[in-house]
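So the sequence shown is residues -6 to 455, counted in the numbering used here. For every residue, glycine included, the Cβ atom is placed at its ideal position computed from N, Cα and C. Below is one structure, written out as structure tokens; the observations come after it.
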Amino acid sequence: MADLHVVILAAGKGTRMKSALPKVLHRVAGLPMIEHVLGASAALGPRSTTLVVGHQAEAVRAALSTHPGLTFVVQEPQLGTAHALLTTEPAFRGARGTLVLLSGDVPLLSAGTLKTLVDRHESAGASATVVTAIVDQPDGYGRVVRAGQEIARIVEHRDANEAERAIGEINAGIYAFAIDGLFAALGAIASENAQGEYYLPDIVALYRKRGLGVGTFTVADANEIKGINSRVELAAVSRIVRQTKNQTLMAAGVTIEDPATTYVDPYVEVGPDTVIHPGVSLEGRTTIGTGCEIHSGARIVDSTLGDRVIIRNHCVIGSSTIENDASVGPFAHLRFGNVIAERAHVGNFVELKKATLGPGSKSMHLTYLGDTTVGSGVNIGAGTITCNYDGVSKQQTTIEDGAFVGSDTQLIAPVTVGKGAYIGTGTTVREDIPAGALAVSAGKQRNIPGWVDERKKKRTKS
Ligand code: UD1
Ligand code: CA
């Protein structure tokens, strides 16, 4: 195989998105669309990957700062796709082999399709190979005009006449080029067209005129090469990604009651016999074990769930770990950094932040636990609040194994509740409680007999 280089075009303004955000950073199923393109491209194992940026170049560069080995080339001003590729010329001085040209706004292209493109291009010894697709609605795309079997040229939608617009074969905007002679040819492309831009697809007619070999590779699944130019197309492409992900999960043994309303990001993993109810979002790097039940309205982000975990309706869970046989919700908010150990239970209207709930412990109602470590077999009563913030910094609360926290307790951190200790209802805990002790802070109750009648009398008088 010859040397392989990838260039991705991402300098355009994306006018039709009507957005302050660069087009390639708009998310498709949770990931910026450019990340999908980079994922497919990486599977080719290219010798170099060059991104052409221009409009909001800094924002794009910053968003991709964690990618090693990306070369950024700035195209300024943006004079069209041929001009965009031409700006990378200095990066390819003396380079040989194959250049694969990808579009930052065509995110569904699979690694397999790219590999086939390269294989076909190289085995045919072509100067250029164009990826095409047959579609029902070719509007907006460049049309492939053939002379007999061979591709003759590509005409952009805006420049096409009625007969050309009726052509159903479109240019995907993805190509393989022999690097040899490519940049010299790009320099010969003119901008006499509806947009006054230098069109990369014009290289086809140019090469044919020079008698150079131009091949085509028509993808079997036209969905793969859908481009995103508007919010409507963004939604359409996102829907395809979600459908594919849901189908993969179902094929692997996950029940998805309503795939149309189930949003699972590409890197999420779910084990077999887990049941996902309608309206669930599983996002980021989330992993879910086997036999779990995720009820409607749950949103789970960057979290790990063990086996047989139950997430009841309308929970929001971020960066947390929930171990085997635990349950959460309904209406619980696990903000981040929480560990719910095996068989532990979190109930309704409970907020947790950096809280660890030990094995078999329960916090069932109306509670806030922040910066808290709870041991095993602990019962946290309704309305328990850790007062973890003293106005300056966050303080730690520790509740040891087997403790019983009565309802409406406030724990003023830093504080430790010893093993097996009891806290009476309505206690404000300001000091550590030794193991086995009972803590109460409320004063003795006072009853004032006849108080209600007395008050009534006073009121009628005045
Ligand atoms: C392009 C093709 C069209 C094809 C379609 C497939 C051209 C002229 N037309 O049209 O034949 O059917 O893709 O999706 O190439 N870009 C730059 N610099 C520029 C202009 C564009 O980097 O000066 C980038 C854009 O950011 C985008 C890509 O190139 O990522 C394609 O540009 P876009 O304007 O979206 O082209 P289309 O009209 O979709
Ligand atoms: Ca486009």
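* To do: Check whether the Cβ of A77 sits closer than 6 Å to any heavy atom of ligand 1, and report yes or no.
  => Yes, the Cβ of A77 comes within 6 Å of a heavy atom of ligand 1.
* Within the structure, which residues are defined as neighbours of ligand 2 by a Cβ-heavy atom distance below 5 Å, reported in chain order? -> Listed by position along the chain, the residues with Cβ atoms less than 5 Å from a non-hydrogen atom of ligand 2 are D98, G220 and N222.
* Asked: N154: buried (16+ other C-beta within 10 angstroms of its C-beta) or exposed?
  -> exposed
* **Per DSSP, the bridge partner or partners of L350** => I333 and V367
* If you draw a straight line from the C-alpha of V433 to the C-alpha of T402, how long is it? -> 10 Å
* To do: Please classify T42: is it buried, with 16 or more other beta-carbons within 10 angstroms of its beta-carbon, or exposed?
  => buried
* Bridge-paired residues (DSSP) for G311 -> V294
* Under 7 Å between the Cβ atoms of V398 and I416? -> Contact annotation: V398 and I416 have beta-carbon atoms nearer than 7 Å.
* For G82, I'd like the list of residues in its chain whose CB is within less than 7 Å of its CB, leaving aside the five on either flank, ordered along the chain. => At residue 82 the sequence reads Glu, which differs from the Gly that was named. The answer, listed in chain order, is F176.
* **Whole beta strand (DSSP E) elements within the region 111 to 171, 3-residue minimum** => 121 to 127, 136 to 140, 143 to 148 and 162 to 171
* Pull up the distance between the alpha-carbon of G166 and that of V(-1), whole angstroms please. => If you take the alpha carbons of G166 and V(-1), they lie about 14 Å apart.
* For L72, collect the residues of the same chain with a Cβ closer than 8 Å to its Cβ; drop the 5 residues on either side in sequence, then sort them by chain order. => S184, E190 and Y191
* Asked: Quick one, are the C-beta atoms of K219 and L44 less than 7 Å apart?
  -> For the pair K219 and L44, the CB atoms are not nearer than the 7 Å cut-off.
* Go to S231, then tell me how far its beta strand (DSSP E) extends in each direction, as first and last residue. => Per DSSP, S231 belongs to no beta strand (DSSP E); it is in the alpha helix (DSSP H), R224 to A244.
* Alpha-carbon to alpha-carbon, G340 and P39 -> Those two C-alpha atoms are separated by around 51 Å.
* To do: Put I378 into one of helix, strand or coil per three-state DSSP.
  => strand
* **Bridge partners - E344, DSSP secondary structure assignment** => H326 and Y361
* To do: Mind checking who Q49 pairs with in its DSSP beta bridge?
  => G47
* To do: Grab the span of the beta strand (DSSP E) containing Q433 for me, first residue to last.
  => The amino acid at residue 433 is misidentified as Gln; the sequence shows Val. Careful: V433 lies outside any beta strand (DSSP E) and carries neither H nor E.
* Check R423 in the structure and name its three-state DSSP category. => coil
* In this structure, what does DSSP give as the bridge partners for E276? -> BP columns for E276 point to V294.
* Rounded distance between the beta-carbons of F170 and T117, thought under 8 Å -> One detail in the question is off: residue 117 reads as Ala in this sequence, not Thr. Wrong, their Cβ atoms sit about 13 Å apart, outside the cutoff.
* Asked: When the Cα atoms are used, what is the spatial distance from A35 to D251?
  -> 33 Å
* Between I333 and A319, is the Cβ-Cβ spacing less than 7 Å? -> Yes, Cβ-Cβ distance for I333 and A319 is below 7 Å.
* Could you check what DSSP says for S460 in three-state terms: helix, strand or coil? => There is no way to answer for residue 460, as the model of the chain reaches only from -6 to 455.
* Please find out if some non-hydrogen atom of ligand 1 comes closer than 6 Å to the beta-carbon of V45. => yes
* To do: May I ask which residues mark the beginning and end of the beta strand (DSSP E) holding T267?
  => Segment: none, T267 is in no beta strand (DSSP E) and carries neither H nor E.
* Asked: Is the Cβ-Cβ distance between I310 and I287 less than 7 Å?
  -> no
* **Limits of the unbroken alpha helix (DSSP H) element including T211** => Per DSSP, T211 belongs to no alpha helix (DSSP H); it is in the beta strand (DSSP E), V207 to T211.
* **Helix, strand or coil at L79 [DSSP, three-state]** => Looking at L79 - three-state DSSP - the assignment turns out to be helix.
* Asked: Going straight from the alpha carbon of S356 to that of N372, what length do you get?
  -> Taking the straight line from one Cα to the other gives about 6 Å.
* Asked: Is DSSP giving E69 helix, strand or coil here?
  -> coil
* To do: Can you give me the Cβ contacts of I392 inside the same chain, cut-off strictly under 6 Å, excluding the 5 residues immediately before and after it?
  => V367, V371 and V410
* Asked: According to DSSP, what are the bridge partners of R40?
  -> According to DSSP, R40 bridges with nothing at all.
* Are there three or more Cβ pairs, one per stretch, closer than 8 Å when the region 194 to 208 is compared with the region 232 to 252? -> no
* **Unbroken alpha helix (DSSP H) run spanning A177, endpoints** => L175 to L179 is the extent of the alpha helix (DSSP H) around A177.
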